[in-house]
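Asker: Dumping the structure here so I can ask a few things about it.
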Amino acid sequence: MTLLKKAGWRKTCRQHLQHANKRLARLLIAWKLEQQQQENSAVLKSQRRMFHHQIKRGNPRRTFTGMAFIEG
């Protein structure tokens, strides 16, 4: 193998490594974004659930007891 072929091979090898690194970096960024979105979604879901349970409800006007409604 001549020096030129060897130098060309090194350049090609570096290019392949750079492309592989870019691909891995994109995958890592996409994975991190997905994780962040899932965490945000879970936080919003829990906030909605807590808000739903914190809503103050009025006193019932009629309640069902036994066989009939009772006005309250």
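Be aware that the sequence shown starts at 1432, since it is given in the working numbering, and climbs by one per residue. For glycine and all other residues, C-beta sits at the position ideal for the given N, C-alpha and C. In this text the structure is predicted, and so the values were computed from the model without any measurement.
How is residue 1457 classed by DSSP in three states: helix, strand or coil?
Answerer: helix
Asker: Bridge partners of residue 1473, per DSSP?
Answerer: Bridge partners of residue 1473: none, in fact.
Asker: DSSP state of residue 1492, grouped into three classes?
Answerer: coil
Asker: Taking 8 Å as the cut-off, decide whether the C-beta atoms of residue 1501 and residue 1493 are in contact.
Answerer: For residue 1501 and residue 1493, yes; Cβs fall inside 8 Å.
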